[in-house]
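K.L.:
Be aware that the sequence shown starts at 212, since it is given in this note's numbering, and climbs by one per residue.
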Amino acid sequence: MKTRAAVLEQGSTRFEIKELDVDAPGPGEVHVKFVAAGLCHSDLHLIDGDIVPRFPIVAGHEGSGIVEEVGPGVTKVKPGDHVVCSFIPVCGRCRYCASGRSNMCDNGAYLVSGNAFDGTFRYHADGRDYGSFSMLGTFSERATLSELSVVKIDEWLPLDVAVLVGCGVPTGWGTAVNAGAVTAGDTVVVYGIGGVGINAVQGAVSAGAKFVVVVDPVQFKLDTALKFGATHAFTDPKEAAAKINELTWGQGADQALVTVGVVDEEVIADAFAAIGKGGTLVVTGQAHPEKLTIHVPSGELVRYEKVIRGSQYGSCNPHYDIVKLLRMYDAGRLKLDELITKYYTLDEVNDMVDDLRDGKLIRGAIRF
Ligand SMILES: NC(=O)c1ccc[n+]([C@@H]2O[C@H](COP(=O)([O-])OP(=O)(O)OC[C@H]3O[C@@H](n4cnc5c(N)ncnc54)[C@H](O)[C@@H]3O)[C@@H](O)[C@H]2O)c1
Ligand SMILES: [Zn+2]
Ligand SMILES: [Zn+2]
Numbered sequence: 212m213k214t215r216a217a218v219l220e221q222g223s224t225r226f227e228i229k230e231l232d233v234d235a236p237g238p239g240e241v242h243v244k245f246v247a248a249g250l251c252h253s254d255l256h257l258i259d260g261d262i263v264p265r266f267p268i269v270a271g272h273e274g275s276g277i278v279e280e281v282g283p284g285v286t287k288v289k290p291g292d293h294v295v296c297s298f299i300p301v302c303g304r305c306r307y308c309a310s311g312r313s314n315m316c317d318n319g320a321y322l323v324s325g326n327a328f329d330g331t332f333r334y335h336a337d338g339r340d341y342g343s344f345s346m347l348g349t350f351s352e353r354a355t356l357s358e359l360s361v362v363k364i365d366e367w368l369p370l371d372v373a374v375l376v377g378c379g380v381p382t383g384w385g386t387a388v389n390a391g392a393v394t395a396g397d398t399v400v401v402y403g404i405g406g407v408g409i410n411a412v413q414g415a416v417s418a419g420a421k422f423v424v425v426v427d428p429v430q431f432k433l434d435t436a437l438k439f440g441a442t443h444a445f446t447d448p449k450e451a452a453a454k455i456n457e458l459t460w461g462q463g464a465d466q467a468l469v470t471v472g473v474v475d476e477e478v479i480a481d482a483f484a485a486i487g488k489g490g491t492l493v494v495t496g497q498a499h500p501e502k503l504t505i506h507v508p509s510g511e512l513v514r515y516e517k518v519i520r521g522s523q524y525g526s527c528n529p530h531y532d533i534v535k536l537l538r539m540y541d542a543g544r545l546k547l548d549e550l551i552t553k554y555y556t557l558d559e560v561n562d563m564v565d566d567l568r569d570g571k572l573i574r575g576a577i578r579f
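#1: Just checking my contact of A436 with V393 at CB under 8 Å: how many whole Å lie between their CB atoms?
#2: Which ranges would you report for the alpha helix (DSSP H) in the stretch 493-564 if only whole runs of at least 4 residues count?
#3: Counting only the same chain and skipping the five closest in sequence on each side, list residues whose C-beta sits under 6 Å from that of Y321.
#4: So is T446 buried or exposed if we call it buried at 16+ other beta carbons inside 10 Å?
#5: According to the neighbour-count rule (16 or more other Cβ atoms, all chains shown, within 10 Å of its Cβ), is S313 buried or exposed?
#6: Can at least three beta-carbon pairs, one atom from the stretch 324-338 and one from the stretch 223-234, be found at a separation below 8 Å?
#7: If we ignore side chains and look at the alpha-carbon of each, how far apart do L545 and T556 end up?
#8: In angstroms with no decimal places, state the Cα-to-Cα distance between G348 and A482.
#9: Here's the rule I'm using: 16 or more other beta-carbon atoms within 10 Å means buried, otherwise exposed. How should Q221 be labelled?
#10: Helix, strand or coil: which one does DSSP assign to S313?
#11: Tell me whether F350 counts as near ligand 2, meaning its Cβ is closer than 7 Å to at least one heavy atom of that ligand.
#12: Taking C-alpha atoms, which residue in G284, P290, T286 lies nearest to V278?
#13: Starting from F483, trace the alpha helix (DSSP H) both ways and give me its first and last residue.
#14: Hey, S360 and P267 are a contact pair by Cβ (cut 8 Å); roughly how many whole angstroms apart?
#15: When the distance is taken between beta carbons, is L567 closer than 8 Å to K553?
#16: Going by the DSSP bridge assignment, what does E230 pair with across the sheet?
#17: Whole angstroms is fine: what's the gap from S417's alpha carbon to G496's?
#18: Does R304 come out as helix, strand or coil in the three-state DSSP assignment?
#19: With DSSP as the reference, label G260 as helix, strand or coil.
#20: Taking CB distances under 8 Å as the criterion, tell me whether D434 reaches chain D.
#21: Does the distance from the C-beta atom of V372 to that of D548 stay below 8 Å?
#22: Taking the beta strand (DSSP E) that E220 falls in, what are its first and last residues?
#23: Where S351 and Y341 are concerned, what is the direct C-alpha to C-alpha distance, given to the nearest angstrom?
#24: For Y341, which residues does DSSP report across the bridge?
#25: Does the pairing of the stretch 421-428 with the stretch 446-460 give three or more beta-carbon distances under 8 Å?
#26: Do V469 and V507 come within 8 Å of each other at the CB atom, strictly closer than that value?
#27: Examine ligand 1 and report whether any of its heavy atoms sits within less than 7 Å of the Cβ of I551.
#28: Quick test of your reading: D365 and L537, contact by CB under 8 Å. State the CB separation rounded to the nearest angstrom.
#29: According to the Cβ coordinates, are C305 and H272 closer than 8 Å?
#30: Between Y402 and V471, which are expected to be in contact by the criterion C-beta below 8 Å, what is the C-beta distance as a whole number of angstroms?
#31: Whole angstroms is fine: what's the gap from G303's alpha carbon to F422's?
#32: Whose CA, out of I262, G239, L219, lies closest to the CA of P500?
#33: Pull every residue with its beta-carbon under 5 Å away from any heavy atom of ligand 2, and keep them in chain order.
#34: Using beta-carbon positions only, say whether G490 and K454 come within less than 8 Å of one another.
#35: Applying the criterion that 16 or more other CB atoms from any shown protein chain within 10 Å of the CB defines a buried residue, is W460 buried or exposed?
#36: CB of V361 to nearest heavy atom of ligand 4: below 7 Å?
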């Protein structure tokens with residue numbers, strides 16, 4: 212079958228719209244017609260070199276759509292089912308899945324190589340194989356995916372909104388609720404209010420934080436965070452630190468959540484200094500795999516029992532949490548519609564990238 216997709220032939224370049232052949236679903240696979248695909252900063256990392264995939268690759272790892280066909284042995288979904296993609300194909304059987312940490316499923320090994328489990332590829336053109344970012348490649352009208360990569364959702368939910376619950380929403384929400392373990396009365400500071408950070412704000416508010424301080428150089432992001440329940444907003448991290456000091460009578464924040472586009476030493480140092488005794492610093496934003504970004508005084512780590520931890524997929528269990536978060540939305544307890552600043556066509560994908568880089572988007576999404 213043919214599809215049109217946004218591909219990267221190599222890094223440091225723009226997306227090219229290309230017609231590709233997409234394979235029919237093999238054993239354990241499903242063929243999905245996408246309705247929407249969100250743009251996450253991790254897709255920009257493919258361009259900028261902070262994630263190093265095998266090229267050429269079809270980008271995109273937030274996707275929602277309708278199952279059109281299933282391969283032999285698929286029992287999880289059937290044609291007509293509405294699905295949101297999980298950017299980790301959760302096996303349910305490895306050590307991490309079996310112990311309730313399916314965000315770290317061993318299948319995470321395939322995310323950047325872009326091939327299917329058997330080492331072959333699902334997209335092809337001109338005699339070449341095109342990889343699928345996160346085993347998905349959602350910047351395409353259609354895709355053939357492992358059944359482990361899709362989560363069936365309730366049919367009445369709008370697919371062009373539910374799409375964000377593939378990555379940005381659980382990652383941000385879980386950064387606060389799971390990794391940060393925010394509880395009622397805590398003081399939380401969030402650095403970087405993009406599609407991930409705004410959901411860290413939602414998570415902190417939903418967990419009952421007393422103060423949610425946000426830091427971002429872009430005023431529009433801060434204004435949006437205030438609408439989502441943040442209590443104080445700053446473009447300057449030093450001013451944020453002074454306010455946290457004042458709000459907590461010198462005790463410091465309970466959690467600092469780092470969800471900036473590219474993590475660097477400076478934001479880590481600010482976040483580490485902002486937390487108080489027993490505080491937790493969660494790093495969810497990414498940086499180049501070889502770059503050292505964490506340099507903190509170990510004396511303070513020891514004496515104040517500060518905790519620094521990473522968080523993958525908001526430390527969520529995607530097949531459980533995607534459904535849960537959508538049901539919270541359905542019940543009016545989670546904002547999703549307000550997260551999407553603008554929709555684009557597939558052909559406008561580079562405009563969407565430019566708008567994200569220019570600070571104009573909380574989330575942008577392709578509507579097919
Ligand atoms: N760990 C995971 O599982 C996971 C999942 C998804 C995304 N991510 C990563 O999370 C990060 C955020 O993704 P996103 O899609 O929200 O990105 P985004 O581009 O939408 O938002 C990033 C925000 O950070 C702000 N920012 C940049 N530098 C800053 C600084 N020094 N201080 C404060 N704010 C700053 C930007 O203005 C922007 O608003 C990326 O690195 C992405 O790769 C991680
Ligand atoms: Zn993402
Ligand atoms: Zn697993």
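Idealized CB from N, CA, C, for every residue including glycine.
P.N.:
Working from what's here:
#1: Here the question's residue 436 lines up with position 225 in the sequence shown. Here the question's residue 393 lines up with position 182 in the sequence shown. Taking C-beta atoms under 8 Å as the contact rule, A436 and V393 fail to qualify, at a distance of about 15 Å.
#2: Given a length threshold of 4 residues, each whole run of the alpha helix (DSSP H) inside the stretch 493-564 is given here in chain order: 509-514, 529-541.
#3: Locating residue 321 in the sequence shown gives position 110, where the first residue counts as 1. If we look at Y321 and ignore the five residues flanking it on each side, its Cβ neighbours are M346.
#4: Counted from its first residue, the sequence shown places residue 446 at position 235. Answer is exposed; the Cβ neighbour count stays below 16.
#5: As a position in the sequence shown, residue 313 is number 102, starting the count at 1. Counting Cβ neighbours within 10 Å, S313 comes out buried, since at least 16 surround it.
#6: yes
#7: Sequence index remark: in the sequence shown, residue 545 carries index 334 (1-based). Sequence index remark: in the sequence shown, residue 556 carries index 345 (1-based). C-alpha separation (whole angstroms): 26 Å.
#8: As a working mapping, residue 348 is identified with position 137 in the sequence shown. As a working mapping, residue 482 is identified with position 271 in the sequence shown. If you take the alpha carbons of G348 and A482, they lie about 33 Å apart.
#9: For the purposes of this step, residue 221 is taken as the residue at position 10 of the sequence shown. Exposed: under 16 other Cβ atoms inside 10 Å.
#10: In the sequence shown, residue 313 corresponds to position 102, counting from 1. Helix at S313.
#11: The residue given as residue 350 occupies position 139 in the sequence shown. Checking every heavy atom of ligand 2 against the Cβ of F350, none is found closer than 7 Å.
#12: The residue labelled residue 278 in the question sits at position 67 within the sequence shown. The candidate whose alpha carbon is nearest that of V278 is P290.
#13: Start at 1 with the first residue of the sequence shown, and residue 483 comes out as number 272. It spans 476-485 - the alpha helix (DSSP H) in which F483 sits, taken as one unbroken run.
#14: Indexing the sequence shown from 1 puts residue 360 at position 149. Indexing the sequence shown from 1 puts residue 267 at position 56. With a contact defined as Cβ atoms closer than 8 Å, S360 and P267 miss out at about 20 Å.
#15: Taking the sequence shown and counting its residues from 1, one reaches residue 553 at position 342. Taking the sequence shown and counting its residues from 1, one reaches residue 567 at position 356. Against a cut-off of 8 Å, the Cβ pair of L567 and K553 comes out as no contact.
#16: Residue numbering aside, residue 230 sits at position 19 when the sequence shown is read from its first letter. In the DSSP output, where bridge partners are listed per residue, E230 has R215.
#17: As a first step, residue 417 must be located in the sequence shown, where it is residue number 206. As a first step, residue 496 must be located in the sequence shown, where it is residue number 285. Going by the C-alpha atoms only, they are around 21 Å apart.
#18: Translated into positions along the sequence shown, residue 304 becomes position 93. Coil at R304, not helix or strand.
#19: On the sequence shown, residue 260 is found 49 positions in, with the first residue counted as 1. Three-state DSSP puts G260 in coil, outside helix and strand.
#20: The chain labelled as chain D is not found in the depicted structure, where only one protein chain is given.
#21: Taking the first residue of the sequence shown as position 1, residue 372 is located at position 161. Taking the first residue of the sequence shown as position 1, residue 548 is located at position 337. A contact, by the Cβ cut-off of 8 Å.
#22: Here residue 220 is taken as the residue at index 9 of the sequence shown, counted from 1. The continuous stretches of beta strand (DSSP E) do not include E220, and DSSP gives it neither H nor E.
#23: Locating residue 351 in the sequence shown gives position 140, where the first residue counts as 1. Locating residue 341 in the sequence shown gives position 130, where the first residue counts as 1. Distance from the CA atom of S351 to the CA atom of Y341, rounded to whole angstroms, is 12 Å.
#24: On the sequence shown, position 130 is the one that residue 341 refers to. Per DSSP, Y334.
#25: yes
#26: Locating residue 507 in the sequence shown gives position 296, counting from the first residue. Locating residue 469 in the sequence shown gives position 258, counting from the first residue. In this structure, V469 does not lie closer than 8 Å to V507 by Cβ.
#27: Taking the first residue of the sequence shown as position 1, residue 551 is located at position 340. Answer for I551: no, Cβ out of range of ligand 1.
#28: As a first step, residue 365 must be located in the sequence shown, where it is residue number 154. As a first step, residue 537 must be located in the sequence shown, where it is residue number 326. Beta-carbon to beta-carbon, D365 and L537 are separated by about 7 Å, close enough to satisfy the 8 Å threshold.
#29: Walking along the sequence shown from the start, residue 305 turns up at place 94. Walking along the sequence shown from the start, residue 272 turns up at place 61. The answer is no: Cβ separation not under 8 Å.
#30: Against the sequence shown, residue 402 aligns to sequence position 191. Against the sequence shown, residue 471 aligns to sequence position 260. Indeed, because the Cβ distance is near 5 Å, the residues count as touching under 8 Å.
#31: As a working note, residue 303 is residue 92 in the sequence shown. As a working note, residue 422 is residue 211 in the sequence shown. Going by the C-alpha atoms only, they are around 37 Å apart.
#32: Working through the sequence shown from its first residue, we reach residue 500 at position 289. Of the listed residues, the one whose Cα sits closest to P500 is I262.
#33: C251, S253, C378
#34: The residue you call residue 490 lines up with position 279 of the sequence shown. The residue you call residue 454 lines up with position 243 of the sequence shown. The answer is no: Cβ separation not under 8 Å.
#35: Counting from 1 along the sequence shown, the entry for residue 460 is found at position 249. W460 is exposed by the Cβ-count criterion.
#36: As for ligand 4, it is missing from this structure, which binds only ligand 1, ligand 2 and ligand 3.
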